[in-house]
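A short write-up of the structure that comes next.
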Amino acid sequence: MAGRFVRASKYRHVFGKASKKEACYDNLHISRNAWDTNLIKVNPEYLSVNWEASGGGAFAVIPLNEKGRLPEQLPLFRGHTGPVLDTDWNPFNDRIIASGSDDGKVFIWQVPEGFTLYQDSEEPVDVAPVSKLAGHSRKVGQVLFNPAASNILASASGDYTIKLWDVGTGKSHLTLKHGDIVQSLSWNANGTLLATTSRDKKLRVWDVRQEKPAYEGPGHTGAKNSRVVWLGEHNRLATTGFSKMSDRQMALWDVGNAREPIGGFTVLDSISGVCMPFWDDGTQCLYLAGKGDGNIRYYEYENDKFEFLSEYKSSDQQRGIAFLPRRGINVHENEVMRAYKTVNDTYVEPISFTVPRRAEVFQSDIYPPATGLKPAVTAEEWLAGKDGVPPKIDLESVYEGNAPVEVPSDYKPPPAPAAAPAPSPTKAAAPPPAKKEPEPAPVQRAPPPSMSEQKGSISAMASKFQDEEEEEADDNSSFEEIQKPIQKSVPAAAARVEPTKTAPPKAAPVSQATPNSQAPAASPTPTTIQTSSGPISAVGSQPSSTNPAVESSLAEIKKLLEAQTKTITAQTEKIGLLTQEVDTLKMRVGPGDQSERIRQLELELEAARS
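Numbered by the numbering used here, the letters in the sequence shown go through residues 72 to 681 in order.
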């Protein structure tokens, strides 16, 4: 019979927990634009929200520590002439954010020092952009910073192109031309390759600095939007999309051989909303959040396949969602990931994914190093062909409240020390040869006994067990006779016993005594009568006669009990008669006389009962 095996995983018991209402961000006006975007983006300091604003596009920036119901009027980031479609935070500067708009422009913004939503002025002061990047001829639907090089930004437009910008100079140096509208894009870990999906149902992997695709092939076959995410430092991609039958799918792709997905397409469900994928390189987990439903599935990537872990379910539907970078999670609460989702276009709800642990210490096995704030290369170096993976920070230093300690990008936690090899068993010395002892001489057997000899031996054995006279047996017995204790006569007045309670007789301890010794007499009590059994003697001894004093005491007690029983019976009958008389008089006598007579009878009843 085949056994059932459970896959070992540190993240098998990860569960999601929604925040209380006071820990959410309420009273928001989230954009209702139909463009397929995530609507919100988050970093460890701020949350950006695409805003439903009149008179041009705008978005709001909310400090994460300002929770609860927000003011009616907020300072907005204004400057676009059309609705803001997407935003993205600089991975190496938490105060720099880029935005793409329906007006075809890309703006760069800087959050003011000490920025807060609660201002003293009656009219909140809006924030203006610090840089404007113009070059697209149609709306800009996605913006995404390079994860390894500083100030390199990719923007995807409705003009079927992706432009690569140097934010520092404001120039576009590279352009990637597509055959249709780009629906999603994702960088690899060192920022040299860019994966895209587009409306022509193709999946492309671009060698960005060569401005040509390293791979181009078919993706999901459905008519609705598909998404792509790069699996961090792996040479793998994950995509979500739809089949021709409008079933939601996910797939895993090998970048070097992407003609078809590894293991084929996996059907998720039949919900119509786009599935948004998010990859966590620290835990090696993929999170899938659906638009139009409140569920978040999460999988662990292992052995070139996704192992389903669990699912966070909620009745609150989400249109937009964002995941916090790992350097911002709460390591004191064993949190491995935190998501922020929009609810009813009026508030944003944080969802914490934690691993249950008992020990209140740093859990190094679930917290590998995370990407820090230092880029691997500058924009000039990246454009010149240099690349690398950004250095990481040790989360244990964050746990202890110290400044983040930087570790190399290829740093791996030290493995557990291997157990010392067991010492090889020493070969035991061969035992010396045993001395050969002389063999004993054979003993000659005597002839068997005759029949007469056997009869004699049997009669001798039987005589040993022959019974002797009783007197002789009593004298030679190994049992010692214990003298009967002398009992005093119990006076009749002191022998009154309650009929309902009888104390059990206590067994007297038997102690070995000599034949001449005598046991002490038992002290009589008024409520108990002590009786003693006859003397212990050998088998065959005659029982002794009963003490006449005890018999007389028992007879007196018996008479006393009989008299008490008769008295109780007579009183019971009298009480019954009086009760009947009371009931009869209640019906016959008038109210005044009745109460007086009843009172007299009640007094008689009380006297009789007492």
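Using N, Cα and C, we set each Cβ at its ideal position, and we do this for glycine too.
For residue j and residue i, the rounded distance between their alpha carbons
i    : j    : result
L631 : R659 : 42 Å
V253 : V432 : 46 Å
V279 : E193 : 48 Å
D325 : L302 : 11 Å
W453 : G262 : 9 Å
W258 : I464 : 21 Å
I706 : D654 : With the chain covering only 72 through 681, there is no way to say anything about residue 706.
V460 : A474 : 21 Å
Q642 : E677 : 12 Å
H244 : A455 : 11 Å
T158 : K376 : 31 Å
D318 : I437 : 34 Å
G746 : S423 : Nothing about residue 746 can be reported from this structure: the residues present for the chain run from 72 to 681 only.
D271 : D230 : 14 Å
P427 : F394 : 20 Å
P134 : Y411 : 13 Å
Residue j beta carbon less than 7 Å from that of residue i
i    : j    : result
L188 : P142 : yes
L204 : G241 : yes
K637 : A679 : no
V113 : G171 : no
K110 : A131 : Per the sequence shown, residue 110 should be read as Leu rather than Lys. No, these two residues do not count as a Cβ contact at 7 Å.
L625 : L649 : no
V338 : N296 : no
G399 : T413 : no
P348 : A309 : yes
P200 : W180 : yes
F336 : A322 : yes
S90  : P421 : yes
V211 : L224 : no
Y418 : Y117 : no
N121 : V85  : no
R209 : G185 : no
K248 : G206 : no
F163 : L466 : no
D340 : G365 : no
R397 : E382 : no
N379 : Y370 : Reading off the sequence shown, one finds Phe at residue 379, where the question assumed Asn. Yes.
V299 : Y286 : no
S468 : V478 : no
Delimiting residues of the beta strand (DSSP E) encompassing residue i
i    : result
S255 : V253 to W258
T337 : T337 to D340
D682 : Shown here, the chain extends from 72 to 681; a query on residue 682 therefore has no answer.
W106 : Unbroken run through W106: none, as it is neither H nor E.
S202 : S202 to A205
P289 : K283 to P289
S244 : Reading the sequence as shown, one finds His at residue 244 and not Ser. Here the beta strand (DSSP E) through H244 covers K242 to K248.
T267 : L264 to S269
Y232 : The question names Tyr, but residue 232 is Thr in the sequence shown. T232 to D237 is the extent of the beta strand (DSSP E) around T232.
S172 : I167 to S172
Cβ neighbour criterion (16 or more within 10 Å) applied to residue i
i    : result
M316 : exposed
V177 : buried
S221 : buried
S666 : exposed
N405 : buried
E331 : exposed
L264 : buried
H403 : exposed
D351 : buried
Q651 : exposed
L274 : buried
R103 : exposed
Range of the contiguous alpha helix (DSSP H) that encloses residue i
i    : result
Q635 : P619 to R659
Task: Secondary structure, beta strand (DSSP E): runs of 3+ residues fully inside the region 404–475 - done: 406–414, 418–425 and 463–465
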